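For the sequence shown, the positions run 426 to 562 when my numbering is used.
We put the CB at the ideal spot given by N, CA and C, even for glycine.
Predicted, not measured: the structure shown is a model, and the values here were computed from it.
Below is one structure, written out as structure tokens; the observations come after it.
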Amino acid sequence: MNHWLVKSEPFKYSWDHLVAEKEGMWDGVRNYAARNNLMAMKVGDPVLFYHSNEGKEVVGLAKVSKEHYPDPTTDEPGWVVVNLVPVEKFPGTVTLAQIKKDELLKQMDLVRLSRLSVVPVKREEFDHIVALAHDKK
């Protein structure tokens, strides 16, 4: 099982949008590295949901419900989407500022590859973020 983080601007597609839909299609990815990450996602993989630009924080936990298939929002071949379902809105958020200060997290792909909207997360980073979001450090 792999762990992931997806980023979305909340005014375009927020955690609340995903919850309201019950299952969301993660579309519009137009970066090859992020596309490759989508293609590596498997059903059941846990996914941290991050609000970018506004908030800059991890707000919840989702999981992959459908593996990659052609992106219906474009006619260009090769772009894919996955489906996600919400699992849990975190009781607290984990901000980008917290992540950058944390010795265990400051080398995350979220920080190093800040332009990517879909990045892998190491298991220990994932567990640490979930613990921080639950104030169980």
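Would you call V519 buried or exposed, if buried means 16 or more other Cβ atoms sit within 10 Å of its Cβ?
A residue is called buried when at least 16 other Cβ atoms come within 10 angstroms of its Cβ; V519 meets this threshold and is buried.
So, using beta-carbon positions, are L473 and W429 closer together than 8 Å?
The criterion of a C-beta distance shorter than 8 Å is satisfied by L473 and W429.
V484 and S542 closer than 8 Å at C-beta
No, the Cβ-Cβ distance between V484 and S542 is not below 8 Å.
For D452, tell me which candidate among V468, K467, V431 has the shortest Cα-Cα distance.
Cα-wise, what sits closest to D452 is V431.
Between the beta-carbon of V544 and the beta-carbon of D534, is there less than 8 Å?
Cβ distance < 8 Å, so V544 and D534 count as in contact.
Please return the same chain residues whose Cβ sits closer than 7 Å to the Cβ of V512, not counting the five positions on each side in sequence.
Correct list, in chain order: L486, A487, K488.
Contact belief for M450 with H493 at Cβ below 8 Å, rounded distance in angstroms:
In this structure M450 does not touch H493 by the C-beta definition: roughly 11 Å separates them, more than the 8 Å allowed.
Roughly how many angstroms lie between the CA atoms of E448 and L509, to the nearest whole one?
The alpha-carbon atoms of E448 and L509 are separated by roughly 6 Å.
Unbroken beta strand (DSSP E) runs of length 3 or more, entirely within the stretch 460 to 534: which are they?
Scanning the stretch 460 to 534 for uninterrupted beta strand (DSSP E) segments of 3 residues or longer gives 471 to 476, 482 to 495, 505 to 520, listed from N- to C-terminal end.
For Y438, is the beta carbon positioned less than 7 Å from some heavy atom of the ligand MN?
For the ligand MN, the structure offers nothing, since it holds no ligand at all.
Counted within 10 angstroms of its Cβ, other Cβ atoms place E550 as buried (16 or more) or exposed
By the 10 Å Cβ count, E550 comes out buried.
Could you check the C-alpha separation between V567 and Y438 for me, to the nearest Å?
Limits of the chain in this structure are 426 at one end and 562 at the other, which puts residue 567 out of reach.
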